[in-house]
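Just below is one structure, and these are the notes that go with it.
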Amino acid sequence: MLVMPKIPAHLAAAVRALDDKKAVEIRVLEMGQISSVADFLVIATGTSEPHLRALRIALEQALDEVGVTARSESQNNSGWTVVDAFDVLFHVFRDDVRKSYALEALWKDGLDIPVSAILKA
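The numbers in the numbering used here rise by one with no breaks, and the one at position 103 of the sequence shown is 184.
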């Protein structure tokens with residue numbers, strides 16, 4: 082039986098923001114048992130550079146609204162944006178870049194949290 086970890090409010094708000102802005106293939110991995118870097122890793126895909134920017138802005142706004150200051154990093158046309166909310170790391174990729182880095186394979190031991198359960202919370 083899968084025991085769902087407690088989902089922090091800022092994680093739920095951010096996942097809703099990604100979903101509202103039409104991020105593709107959102108994955109949430111609980112990392113607390115396998116990494117000291119973050120408790121959760123969120124990976125999502127944007128369809129273009131403007132879409133990646135819109136997703137980053139939506140993440141930052143959603144986190145700010147619940148009192149979490151996040152840092153973001155991206156390079157022009159890199160196809161990858163990282164938003165660091167300290168206990169949650171968000172990686173938003175273009176599809177080709179996501180496949181190239183394959184973070185899901187790298188962190189395959191993380192517990193996959195159903196996004197549908199987070200969106201209902």
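Don't be surprised by glycine CBs; every beta carbon is placed ideally from N, CA and C. Since the model is a prediction, treat every value here as computed from it, not as a measurement.
(message) Suppose you measure from the CA of L110 to the CA of K103; what does that come to, to the nearest Å?
(response) One C-alpha to the other measures close to 19 Å.
(message) Using a Cβ-Cβ cutoff of less than 6 Å, which residues in the same chain neighbour G113 once the five nearest sequence positions on both sides are dropped?
(response) Apart from sequence neighbours up to five positions away, the residues of its chain that approach G113 with a beta-carbon distance below 6 Å are D120, ordered along the chain.
(message) As a quick exercise: from D168, R175, R97, R134, pick the residue whose alpha carbon is nearest that of T150.
(response) The shortest C-alpha to C-alpha distance from T150 to any of D168, R175, R97, R134 is the one to D168.
(request) For A202, name the three-state secondary structure that DSSP assigns. (result) Reduced to three states, the DSSP call for A202 is coil.
(request) Give the straight-line distance between the Cα atoms of L140 and S181, rounded to the nearest whole angstrom. (result) Rounded to the nearest angstrom, the two C-alpha atoms are 23 Å apart.
(request) Please list, in chain order, all residues of the same chain as D190 whose beta carbon is under 7 Å from its beta carbon, the five residues on each side excluded. (result) Result list for D190: I115, in chain order.
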